[in-house]
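Residue numbers (this note's numbering): 612 to 878. Note that the Cβ used here is the ideal one computed from N, Cα and C, for glycine as well. The next block holds one structure in the form of C-alpha coordinates; read it before the comments.
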(Lines of atoms letter the chains of each structure in order from A and count residues from 1; the text may use other names and numbers.)
(Lines give C-alpha, C1' and ligand atoms only; values in the text may rest on other atoms or scores of the structure.)
Protein backbone atom coordinates (compact mmCIF):
# COMPACT_ATOMS: atom_id res chain seq x y z
CA UNK A 1 0.00 0.00 0.00
CA UNK A 2 2.91 2.38 0.58
CA UNK A 3 3.43 2.49 -3.19
CA UNK A 4 -0.26 3.04 -4.09
CA UNK A 5 -1.26 6.18 -5.96
CA UNK A 6 -4.17 8.31 -4.72
CA UNK A 7 -6.58 6.54 -7.05
CA UNK A 8 -5.33 3.12 -5.93
CA UNK A 9 -5.71 4.09 -2.27
CA UNK A 10 -9.25 5.34 -2.99
CA UNK A 11 -10.16 2.06 -4.69
CA UNK A 12 -8.70 0.05 -1.81
CA UNK A 13 -10.60 1.82 0.98
CA UNK A 14 -13.83 1.57 -1.02
CA UNK A 15 -13.28 -2.16 -1.64
CA UNK A 16 -12.63 -2.66 2.08
CA UNK A 17 -15.86 -0.88 2.96
CA UNK A 18 -14.03 1.63 5.14
CA UNK A 19 -16.09 4.48 3.65
CA UNK A 20 -18.98 4.65 1.19
CA UNK A 21 -17.39 7.34 -0.95
CA UNK A 22 -14.18 9.38 -0.88
CA UNK A 23 -11.98 11.21 -3.35
CA UNK A 24 -8.29 10.73 -3.93
CA UNK A 25 -7.76 14.41 -3.11
CA UNK A 26 -9.33 13.93 0.33
CA UNK A 27 -7.06 10.97 1.06
CA UNK A 28 -4.03 13.03 0.01
CA UNK A 29 -5.15 15.93 2.24
CA UNK A 30 -5.62 13.64 5.24
CA UNK A 31 -2.17 12.14 4.81
CA UNK A 32 -0.64 15.61 4.50
CA UNK A 33 -2.45 16.95 7.56
CA UNK A 34 -1.28 13.98 9.67
CA UNK A 35 2.27 14.24 8.26
CA UNK A 36 2.13 10.61 7.13
CA UNK A 37 4.32 9.71 4.16
CA UNK A 38 3.81 5.97 3.56
CA UNK A 39 5.86 6.11 0.35
CA UNK A 40 9.05 7.11 2.19
CA UNK A 41 11.25 4.85 4.28
CA UNK A 42 14.51 4.89 6.20
CA UNK A 43 17.03 2.07 6.44
CA UNK A 44 17.71 0.97 10.00
CA UNK A 45 20.03 -1.52 11.71
CA UNK A 46 18.82 -2.64 15.13
CA UNK A 47 21.55 -3.06 17.76
CA UNK A 48 22.82 -6.64 17.73
CA UNK A 49 25.87 -6.35 19.98
CA UNK A 50 24.91 -7.86 23.37
CA UNK A 51 27.33 -5.42 25.01
CA UNK A 52 26.06 -2.41 23.03
CA UNK A 53 25.22 -0.18 26.00
CA UNK A 54 28.60 -0.55 27.73
CA UNK A 55 30.70 -0.16 24.58
CA UNK A 56 28.73 2.82 23.27
CA UNK A 57 28.58 4.42 26.71
CA UNK A 58 32.31 4.51 27.24
CA UNK A 59 32.85 6.11 23.82
CA UNK A 60 30.28 8.79 24.66
CA UNK A 61 32.07 9.31 27.97
CA UNK A 62 35.36 9.88 26.12
CA UNK A 63 33.70 12.47 23.89
CA UNK A 64 32.41 14.11 27.05
CA UNK A 65 35.89 14.10 28.62
CA UNK A 66 35.60 11.13 31.00
CA UNK A 67 36.96 7.61 31.30
CA UNK A 68 35.81 5.07 33.87
CA UNK A 69 33.85 7.78 35.73
CA UNK A 70 36.88 10.05 36.07
CA UNK A 71 37.65 13.24 34.12
CA UNK A 72 40.36 13.00 31.49
CA UNK A 73 43.62 14.65 32.46
CA UNK A 74 45.61 17.26 30.58
CA UNK A 75 47.92 14.63 29.12
CA UNK A 76 45.10 12.50 27.73
CA UNK A 77 43.98 12.53 24.10
CA UNK A 78 41.04 11.01 22.27
CA UNK A 79 41.29 10.12 18.58
CA UNK A 80 38.60 8.76 16.30
CA UNK A 81 39.95 6.65 13.43
CA UNK A 82 38.66 4.66 10.49
CA UNK A 83 39.22 4.04 6.80
CA UNK A 84 37.25 5.11 3.76
CA UNK A 85 37.87 1.91 1.87
CA UNK A 86 37.15 0.94 -1.72
CA UNK A 87 37.28 4.46 -3.16
CA UNK A 88 36.48 4.15 -6.85
CA UNK A 89 38.88 6.03 -9.15
CA UNK A 90 36.64 6.99 -12.06
CA UNK A 91 37.46 9.18 -15.02
CA UNK A 92 34.58 10.73 -16.96
CA UNK A 93 34.59 9.98 -20.69
CA UNK A 94 34.16 13.68 -21.41
CA UNK A 95 35.42 16.63 -19.31
CA UNK A 96 33.09 18.13 -16.70
CA UNK A 97 31.52 21.33 -18.00
CA UNK A 98 31.63 24.22 -15.50
CA UNK A 99 28.59 26.12 -14.31
CA UNK A 100 27.36 29.10 -16.31
CA UNK A 101 24.51 31.59 -16.00
CA UNK A 102 21.27 29.58 -15.69
CA UNK A 103 23.18 26.32 -16.27
CA UNK A 104 24.19 23.76 -13.68
CA UNK A 105 27.47 21.86 -13.63
CA UNK A 106 27.37 19.19 -16.33
CA UNK A 107 28.89 15.81 -15.50
CA UNK A 108 29.24 13.04 -18.08
CA UNK A 109 27.36 9.94 -16.96
CA UNK A 110 29.79 7.39 -18.44
CA UNK A 111 33.25 6.84 -17.02
CA UNK A 112 36.35 4.66 -17.19
CA UNK A 113 37.47 2.74 -14.12
CA UNK A 114 41.02 3.53 -13.02
CA UNK A 115 41.20 1.25 -9.99
CA UNK A 116 40.51 1.74 -6.29
CA UNK A 117 42.27 3.09 -3.23
CA UNK A 118 41.61 3.68 0.47
CA UNK A 119 41.87 6.67 2.77
CA UNK A 120 42.81 6.05 6.41
CA UNK A 121 42.41 8.94 8.82
CA UNK A 122 42.37 9.89 12.49
CA UNK A 123 40.65 12.88 14.12
CA UNK A 124 41.60 14.39 17.49
CA UNK A 125 38.16 14.78 19.01
CA UNK A 126 38.90 17.61 21.44
CA UNK A 127 41.68 19.44 19.59
CA UNK A 128 40.43 19.18 16.00
CA UNK A 129 43.66 17.82 14.56
CA UNK A 130 43.49 15.65 11.46
CA UNK A 131 45.85 12.95 10.21
CA UNK A 132 45.52 10.72 7.18
CA UNK A 133 47.09 9.00 4.22
CA UNK A 134 45.91 7.34 1.01
CA UNK A 135 46.92 3.73 0.38
CA UNK A 136 46.31 1.20 -2.37
CA UNK A 137 44.20 -0.85 0.01
CA UNK A 138 43.49 -0.88 3.71
CA UNK A 139 45.75 -3.34 5.55
CA UNK A 140 46.99 -3.86 9.09
CA UNK A 141 50.42 -2.56 8.13
CA UNK A 142 48.93 0.60 6.61
CA UNK A 143 46.79 1.23 9.69
CA UNK A 144 49.76 0.67 11.98
CA UNK A 145 51.69 3.18 9.85
CA UNK A 146 48.91 5.74 10.42
CA UNK A 147 49.06 5.09 14.17
CA UNK A 148 52.84 5.49 14.11
CA UNK A 149 52.60 8.81 12.23
CA UNK A 150 50.41 10.14 15.03
CA UNK A 151 52.01 8.54 18.08
CA UNK A 152 55.55 9.60 17.08
CA UNK A 153 54.82 13.35 17.05
CA UNK A 154 54.05 15.86 19.77
CA UNK A 155 51.97 15.94 21.87
CA UNK A 156 50.99 12.28 21.48
CA UNK A 157 54.45 10.75 21.84
CA UNK A 158 54.71 12.10 25.40
CA UNK A 159 51.02 11.76 26.31
CA UNK A 160 49.92 9.89 29.41
CA UNK A 161 47.15 8.10 27.52
CA UNK A 162 45.98 8.20 23.91
CA UNK A 163 42.55 6.67 23.33
CA UNK A 164 41.82 5.45 19.78
CA UNK A 165 38.13 4.94 19.03
CA UNK A 166 37.69 2.44 16.17
CA UNK A 167 35.00 0.22 14.74
CA UNK A 168 35.29 -3.52 14.21
CA UNK A 169 36.95 -3.41 10.79
CA UNK A 170 39.44 -6.11 9.92
CA UNK A 171 42.58 -4.00 10.40
CA UNK A 172 41.81 -3.11 14.03
CA UNK A 173 39.42 -5.80 15.20
CA UNK A 174 39.35 -7.51 18.57
CA UNK A 175 41.83 -8.26 21.31
CA UNK A 176 44.63 -9.07 18.86
CA UNK A 177 44.60 -5.48 17.63
CA UNK A 178 44.54 -4.20 21.20
CA UNK A 179 47.56 -6.31 22.11
CA UNK A 180 49.45 -5.52 18.89
CA UNK A 181 49.13 -1.76 19.24
CA UNK A 182 49.76 -1.78 22.99
CA UNK A 183 53.07 -3.60 22.41
CA UNK A 184 54.18 -0.87 20.03
CA UNK A 185 52.69 2.04 22.00
CA UNK A 186 52.22 1.25 25.71
CA UNK A 187 50.19 4.44 26.30
CA UNK A 188 47.73 3.67 23.52
CA UNK A 189 44.27 2.43 24.55
CA UNK A 190 42.21 0.97 21.70
CA UNK A 191 38.48 1.44 22.32
CA UNK A 192 36.11 -0.55 20.11
CA UNK A 193 32.66 0.62 19.18
CA UNK A 194 29.74 -1.81 19.28
CA UNK A 195 29.12 -3.81 16.13
CA UNK A 196 27.27 -1.75 13.48
CA UNK A 197 27.79 1.53 15.31
CA UNK A 198 30.08 3.51 13.03
CA UNK A 199 27.62 6.40 13.40
CA UNK A 200 29.17 6.89 16.84
CA UNK A 201 32.62 7.40 15.30
CA UNK A 202 33.35 11.10 14.81
CA UNK A 203 35.76 10.55 11.91
CA UNK A 204 32.70 9.55 9.86
CA UNK A 205 31.53 13.17 10.07
CA UNK A 206 34.74 14.31 8.43
CA UNK A 207 34.44 11.58 5.80
CA UNK A 208 30.99 12.90 4.88
CA UNK A 209 32.41 16.43 4.53
CA UNK A 210 35.26 15.13 2.39
CA UNK A 211 32.89 13.19 0.15
CA UNK A 212 30.55 16.13 -0.33
CA UNK A 213 33.12 18.88 -0.83
CA UNK A 214 36.07 17.17 -2.51
CA UNK A 215 34.99 13.89 -4.10
CA UNK A 216 31.59 14.73 -5.60
CA UNK A 217 31.33 14.77 -8.56
CA UNK A 218 34.34 12.55 -9.16
CA UNK A 219 36.63 12.73 -12.19
CA UNK A 220 40.11 11.33 -11.59
CA UNK A 221 42.46 9.92 -14.19
CA UNK A 222 44.77 8.19 -11.71
CA UNK A 223 45.40 7.25 -8.09
CA UNK A 224 47.80 10.17 -7.90
CA UNK A 225 45.05 12.65 -8.79
CA UNK A 226 42.56 11.43 -6.20
CA UNK A 227 45.33 11.20 -3.60
CA UNK A 228 46.31 14.80 -4.24
CA UNK A 229 42.70 15.95 -4.01
CA UNK A 230 42.16 14.16 -0.69
CA UNK A 231 45.38 15.37 0.90
CA UNK A 232 44.91 18.94 -0.37
CA UNK A 233 41.44 19.00 1.16
CA UNK A 234 42.82 17.51 4.37
CA UNK A 235 45.33 20.37 4.59
CA UNK A 236 42.60 22.92 3.86
CA UNK A 237 40.22 21.46 6.42
CA UNK A 238 42.90 21.37 9.10
CA UNK A 239 43.26 25.15 8.83
CA UNK A 240 39.58 25.76 9.55
CA UNK A 241 38.76 22.75 11.73
CA UNK A 242 36.85 23.05 14.99
CA UNK A 243 35.82 20.22 17.32
CA UNK A 244 32.49 18.77 16.27
CA UNK A 245 29.57 19.81 18.46
CA UNK A 246 28.70 16.27 19.52
CA UNK A 247 25.23 16.25 21.10
CA UNK A 248 24.35 12.53 21.43
CA UNK A 249 24.71 11.71 25.13
CA UNK A 250 24.27 8.74 27.43
CA UNK A 251 20.67 9.87 28.04
CA UNK A 252 20.04 9.69 24.30
CA UNK A 253 21.62 6.24 24.28
CA UNK A 254 19.23 5.07 27.00
CA UNK A 255 16.23 6.34 25.05
CA UNK A 256 17.49 4.67 21.87
CA UNK A 257 17.96 1.30 23.52
CA UNK A 258 14.56 1.50 25.20
CA UNK A 259 13.05 1.53 21.72
CA UNK A 260 14.67 -1.88 21.15
CA UNK A 261 12.97 -4.28 23.61
CA UNK A 262 15.78 -6.84 23.64
CA UNK A 263 18.22 -4.13 24.78
CA UNK A 264 16.01 -2.18 27.18
CA UNK A 265 17.39 -4.04 30.20
CA UNK A 266 20.97 -3.19 29.17
CA UNK A 267 20.26 0.54 29.11
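In terms of Cβ geometry, residue 705 and residue 719 form a close pair [threshold 8 Å].
Collapsing the DSSP output to three states places residue 700 in a strand. In the DSSP assignment, residue 730 is bridged to 695, 745.
The way I'd put it, the region 835 to 853 doesn't touch the region 806 to 813; fewer than three beta-carbon pairs between them come closer than 8 Å. Per the DSSP secondary-structure output, residue 711 pairs in a beta bridge with 714. Per DSSP, the unbroken beta strand (DSSP E) holding residue 799 starts and ends at 799 to 803. A residue is called buried when at least 16 other Cβ atoms come within 10 angstroms of its Cβ; residue 805 meets this threshold and is buried. Within the same chain, and ignoring the five residues on either side of residue 820 in sequence, the residues whose Cβ sits closer than 8 Å to its Cβ are 848.
Straight across, the Cα-Cα distance linking residue 743 with residue 852 is about 15 Å. Nearest Cα to residue 673 within the set 801, 713, 764: 801. Rounded to whole angstroms, the separation of the alpha carbons of residue 716 and residue 840 is 19 Å.
When C-alpha distances from residue 723 are compared across 701, 732, 735, 714, the shortest belongs to 701. Burial is judged here by how many other beta carbons sit within 10 angstroms of a residue's own beta carbon; residue 691 has at least 16 and is buried. Residue 772: member of the beta strand (DSSP E) spanning 772 to 777, first to last residue. Within the same chain, and ignoring the five residues on either side of residue 734 in sequence, the residues whose Cβ sits closer than 7 Å to its Cβ are 690, 691, 741, 813, 814, 817. With contacts defined as CB atoms closer than 8 Å, residue 686 and residue 771 qualify as a contacting pair.
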